[in-house]
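Novice:
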Amino acid sequence: MSTLEVHRLGKRFPVRGAGLKREMLDAVADVSFTLSPGRVTALVGESGSGKSTVARLLARLYAPTDGTIVFDGHDVSDQRRRKTLLDYRSHVQMIFQDPFASLNPVKRIDYHIARPLQIHGICARGAVDGRVRELLARVGLVPPDEIAQKYPHQLSGGQRQRVAIARALAVEPSVILADEPISMLDVSIRIGILNLILQLKRELGIAFLYITHDIASARYVADEVLVMYRGRIVEQGPTDAVLLDPLHAYTKLLLSAVPNPESGLRLEPLVRAHLADESDLELVEARPGHYVRRPA
Amino acid sequence: MSAVATKPLLELDQVSVDYVLADRRVRAVDNVSLSIAQGEILGLAGESGCGKSTLAGAVLQILKPPAEVSGGRILFQGQDLVAMSREQLRRVRWRHVSLVFQSAMNVLNPVMRVGDQFVDMFKAHDRIRKSDALARAGDLLELVGIDRGRVRSYPHELSGGMRQRVVIAMALALEPELIVMDEPTTALDVVVQREILQELEVLKQRLGFAVLFITHDLSLLVEFSDRIAIMYAGEIVESAPSDVLFRHARHPYTNGLMSSFPPLSGPIVPLTGIPGSPPDLAKPPSGCRFHPRCPQCTGIDSSLHRLQISERPVLREIDAGHQVACHWVEGP
Chain H
544 MSTLEVHRLG
554 KRFPVRGAGL
564 KREMLDAVAD
574 VSFTLSPGRV
584 TALVGESGSG
594 KSTVARLLAR
604 LYAPTDGTIV
614 FDGHDVSDQR
624 RRKTLLDYRS
634 HVQMIFQDPF
644 ASLNPVKRID
654 YHIARPLQIH
664 GICARGAVDG
674 RVRELLARVG
684 LVPPDEIAQK
694 YPHQLSGGQR
704 QRVAIARALA
714 VEPSVILADE
724 PISMLDVSIR
734 IGILNLILQL
744 KRELGIAFLY
754 ITHDIASARY
764 VADEVLVMYR
774 GRIVEQGPTD
784 AVLLDPLHAY
794 TKLLLSAVPN
804 PESGLRLEPL
814 VRAHLADESD
824 LELVEARPGH
834 YVRRPA
Chain D
67 MSAVATKPLL
77 ELDQVSVDYV
87 LADRRVRAVD
97 NVSLSIAQGE
107 ILGLAGESGC
117 GKSTLAGAVL
127 QILKPPAEVS
137 GGRILFQGQD
147 LVAMSREQLR
157 RVRWRHVSLV
167 FQSAMNVLNP
177 VMRVGDQFVD
187 MFKAHDRIRK
197 SDALARAGDL
207 LELVGIDRGR
217 VRSYPHELSG
227 GMRQRVVIAM
237 ALALEPELIV
247 MDEPTTALDV
257 VVQREILQEL
267 EVLKQRLGFA
277 VLFITHDLSL
287 LVEFSDRIAI
297 MYAGEIVESA
307 PSDVLFRHAR
317 HPYTNGLMSS
327 FPPLSGPIVP
337 LTGIPGSPPD
347 LAKPPSGCRF
357 HPRCPQCTGI
367 DSSLHRLQIS
377 ERPVLREIDA
387 GHQVACHWVE
397 GP
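One line per chain: the protein sequences are H and D, in this order. Following the working numbering, the numbering of the first sequence begins with 544 at its first residue and continues without gaps. Following the working numbering, the numbering of the second sequence begins with 67 at its first residue and continues without gaps.
#1: Apart from the five residues on each side of it in sequence, which residues of its chain come closer than 6 Å, Cβ to Cβ, to H:Val558?
#2: Which whole-angstrom value describes the C-beta separation of D:Arg237 and D:Leu108, a residue pair presumed to lie in contact below a C-beta threshold of 8 Å?
#3: Report all residues from its chain with a CB closer than 7 Å to the CB of D:Ser68; omit the five preceding and five following residues, and keep chain order.
#4: By DSSP's criteria, D:Ala239 is part of a beta bridge. Which residues make up the other side?
#5: Can you give the beta carbon distance from H:Val768 to H:Ala585, rounded, assuming they're within the 8 Å contact cut?
#6: DSSP on H:Thr596, reduced to helix/strand/coil?
#7: Any Cβ of chain D within less than 8 Å of the Cβ of H:Glu689?
#8: Who are the near neighbours of D:Val70 in its chain, counting only those whose CB is closer than 6 Å to its CB and skipping five residues on each side?
#9: Going straight from the alpha carbon of H:Arg651 to that of H:Asp722, what length do you get?
#10: For chain D, check one thing: does any of its Cβ atoms lie closer than 8 Å to the Cβ of H:Pro557?
#11: Using a Cβ cut-off of 8 Å (strictly closer), state whether H:Leu786 contacts chain D.
#12: Are the CB atoms of H:Val770 and H:Gly588 nearer to each other than 8 Å?
#13: Based on Cα-Cα distance, which residue from H:Thr611, H:Val613, H:Phe639 lies nearest to H:Ala707?
#14: On the DSSP letters alone, give me the boundaries of the beta strand (DSSP E) that D:Asn97 sits inside.
#15: Compare the C-alpha of H:Leu752 against each of H:Gln697, H:Val764, H:Glu746, H:Arg745 and name the closest.
#16: Given a cut-off of 8 Å on the beta-carbon distance, is the pair D:Val210 and D:Ala235 in contact?
#17: In terms of residues, what are the limits of the beta strand (DSSP E) holding H:Ser717?
#18: So does the stretch 594-606 of chain H actually touch the stretch 778-790 of chain H, counting three or more Cβ pairs closer than 8 Å?
#19: Within 8 Å (strictly less), CB to CB, does H:Tyr763 reach chain D?
#20: Report the rounded CA-to-CA distance for D:Gln183 versus D:Gln271, giving the unit in angstroms.
#21: Could you tell me whether any Cβ in chain H is nearer than 8 Å to the Cβ of D:Arg355?
#22: How big is the Cα-Cα spacing for D:Gly138 and D:Ser151?
#23: Taking the alpha-carbon of D:Met324 as reference, which of D:Gly332, D:Ile262, D:Ile384, D:His314 has the nearest alpha-carbon?
#24: Spell out a yes or no on whether the stretch 694-702 of chain H and the stretch 211-228 of chain D are touching, meaning 3 or more CB-CB pairs, one atom from each, closer than 8 Å.
#25: Does DSSP classify D:Asp79 as helix, strand or coil?
#26: Can you pull the chain H neighbours of D:Ser114, defined as C-beta to C-beta under 8 Å?
#27: Near H:Leu712, what residues of its chain come up, given a Cβ to Cβ distance below 6 Å and the 5 sequence neighbours on each side ignored?
#28: Taking Cβ-Cβ distances shorter than 8 Å, what residues in chain D pair up with H:Leu797?
#29: Report all residues from its chain with a CB closer than 6 Å to the CB of D:Cys360; omit the five preceding and five following residues, and keep chain order.
#30: Just verifying my parser: in three-state terms, what is the DSSP assignment at H:Gly616?
#31: Below 8 Å, how does it come out for the stretch 779-788 of chain H and the stretch 611-622 of chain H: are there three or more Cβ pairs, yes or no?
#32: I'd like the span of the alpha helix (DSSP H) that includes H:Leu629, first residue to last.
Structure (structure tokens):
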């Protein structure tokens with residue numbers, strides 16, 4: 544199994560203007576972390592914090608403007624060749640937020656899972672059907688024969704997200720990037736998807752990047768947490784170190800926003816922490832393995 | 067006047083809603099009775115497809131065929147909305163009962179400035195000069211924490227949270243007594259959700275409206291609402307004051323919903339959520355509709371089990387203000 548190392552990754556987008564007057568926005572800057580086999584790394588932050596951009600950079604849907612992405616010892620950040628990218632994508636797969644939009648409504652379920660098998664030449668033509676059913680069963684879609692013949696609209700949101708996971712698993716990836724995989728699902732079925740992630744990490748040793756704004760679900764699945772704010776990681780470390788004893792004001796803000804019936808039954812005032820522009824601050828190791836962005 | 071004040075603001079009396087298909091009727095809301103007092107926040111929670119949005123549609127009488135209210139009364143300030151003419155309804159809607167949908171992005175017209183959309187809305191209900199309507203729109207935006215200059219913005223220039231605030235401001239515009247909110251914060255992230263809920267609570271204190279708050283996220287309701295009703299497969303299975311429901315929920319479905327949230331503190335224990343999926347309302351299970359997913363329905367042949375699979379439990383009061391529909395709670 545391979546690791547995916549990200550070093551000082553950055554992505555700038557042009558926002559308005561043209562030529563010399565063009566203004567650039569740092570969507571992601573100075574992001575470094577490692578995804579290791581059999582570990583779930585959670586990337587948390589509010590909308591617009593840049594967390595989805597990180598996932599798209601790692602999936603090479605965007606090319607980074609700064610930094611390196613090293614997979615299995617090779618720098619893939621400036622690869623442009625189709626064949627190399629295809630090879631990379633057979634190792635690094637993505638699951639999207641909206642299971643209603645990520646499946647083709649006019650194709651049956653078996654089509655979705657057979658496609659990656661064919662594109663990447665994973666198994667012989669005669670073996671495709673069997674493999675599709677194996678994958679469906681693996682993600683808890685039973686009976687697989689019945690599910691394979693259905694159309695996306697005949698499945699619930701949770702079942703559709705399982706199909707998306709089976710499709711990602713088809714190429715036997717070492718890394719799965721899951722971008723808000725449960726936020727569109729009913730609360731009662733979210734846990735099922737989280738448990739599936741935990742099971743896949745355990746049984747197949749897959750490295751997961753779990754992107755979410757739901758910090759409680761991050762605590763449930765993740766071994767390590769990265770907190771992102773305005774394109775930068777502001778705090779990073781082992782899950783309980785970061786979430787039970789947060790050091791950065793933004794992490795505290797995120798934690799206080801989670802509905803928590805235990806803490807009393809009335810809403811408590813949410814203090815919008817005065818968060819400074821932290822672009823020139825450094826991520827420093829405040830405790831062993833626990834980093835926070837502060838003046839160096 | 068005092069006699070009126072003690073009456074509930076909104077009372078649903080055995081309301082049923084059917085989807086009328088070519089060959090059959092599918093009952094999406096089955097015999098639901100609920101009431102909301104003036105200034106009260108009633109939370110209605112349940113999974114997708116349990117009928118909660120259909121119920122919201124029934125309250126505003128905006129259901130379109132094939133959906134129709136097939137039974138019961140929906141009394142608003144003592145008057146039955148189901149029996150009203152279109153003109154009578156037009157006067158009640160928005161001025162007395164307004165609605166906030168889940169996806170604010172789809173509610174606002176993308177090619178009209180925000181302010182003009184307020185003007186349209188005011189003009190539909192009042193004779194008002196455009197300049198006055200725009201000034202009022204500015205006041206309303208400020209009320210929900212948006213700069214009044216934003217009346218000149220187009221919806222795409224606002225973030226999702228701001229658009230949702232705009233929609234809430236519109237719902238407040240005519241100072242209705244009741245606002246129905248159908249998943250108003252589901253599309254937003256936690257920090258924005260929190261800010262909006264807190265603003266709503268402050269506004270409610272100030273303006274005194276009541277809220278029917280519909281969501282699948284029970285953890286939100288426990289903090290935010292006064293009372294909570296749990297809906298499953300078209301019926302109310304439990305209802306109680308929030309703190310009672312949080313501490314002493316009795317229905318196995320409610321308990322399942324409660325144990326679907328990973329904790330933010332304490333040890334992490336494996337959670338199971340609720341196995342299975344909600345039933346197809348076209349062919350609901352026999353007996354208790356929750357029995358195929360119920361941890362208390364063990365399949366061991368007993369008088370309790372026979373009851374669970376054959377007879378529908380009735381919503382009964384087990385404590386003051388706490389109602390449950392469950393054979394297991396009642397005992398065999």
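The beta-carbon is built from N, C-alpha and C at its ideal position, and this holds for glycine as well. Since we're looking at a predicted model, the values are computed, not measured.
Specialist: Considering the structure as presented:
#1: Taking C-beta separations shorter than 6 Å and ignoring five residues to either side along the sequence, the partners of H:Val558 in its chain run Glu566, Leu568, following chain order.
#2: Just to set this straight, residue 237 of chain D is Ala in the shown sequence, not Arg. The pair is not a contact, with the Cβ atoms about 16 Å apart (cut-off 8 Å).
#3: In this prediction, D:Ser68 has a pLDDT of 40, which is less than 50 and means its spatial position is unreliable; what the coordinates show is noted afterwards. Cβ within range, chain order: n/a, list empty.
#4: DSSP output for D:Ala239 lists no bridge partner at all.
#5: 5 Å
#6: Reduced to three states, the DSSP call for H:Thr596 is helix.
#7: Taking a beta-carbon distance threshold of 8 Å, H:Glu689 does not count as an interface residue toward chain D.
#8: Here D:Val70 scores only 44 on pLDDT, less than 50, and its place in the model should not be relied on; the value that follows carries that caveat. Cβ within range, chain order: n/a, list empty.
#9: 24 Å
#10: no
#11: Yes, contact with chain D.
#12: Yes, Cβ-Cβ distance for H:Val770 and H:Gly588 is below 8 Å.
#13: H:Phe639
#14: The continuous beta strand (DSSP E) containing D:Asn97 extends over residues 91-102.
#15: H:Val764
#16: Against a cut-off of 8 Å, the Cβ pair of D:Ala235 and D:Val210 comes out as a contact.
#17: No beta strand (DSSP E) contains H:Ser717, which DSSP labels as neither H nor E.
#18: As far as the Cβ criterion goes, the stretch 594-606 of chain H does not touch the stretch 778-790 of chain H, which means the pair count is below three.
#19: H:Tyr763 counts as touching chain D.
#20: D:Gln183 and D:Gln271 have their alpha carbons spaced roughly 27 Å apart.
#21: no
#22: Computed Cα separation, rounded: 17 Å.
#23: D:His314
#24: no
#25: Under the three-state reduction of DSSP, D:Asp79 is assigned to strand.
#26: Ser699, Gly700, Asp729
#27: Closer than 6 Å at Cβ, skipping near neighbours: Leu678.
#28: Val256, Val257
#29: Pro318
#30: coil
#31: Segment contact: the stretch 779-788 of chain H against the stretch 611-622 of chain H, fewer than three CB-CB distances shorter than 8 Å; contact not assigned.
#32: Per DSSP, the unbroken alpha helix (DSSP H) holding H:Leu629 starts and ends at 625-632.
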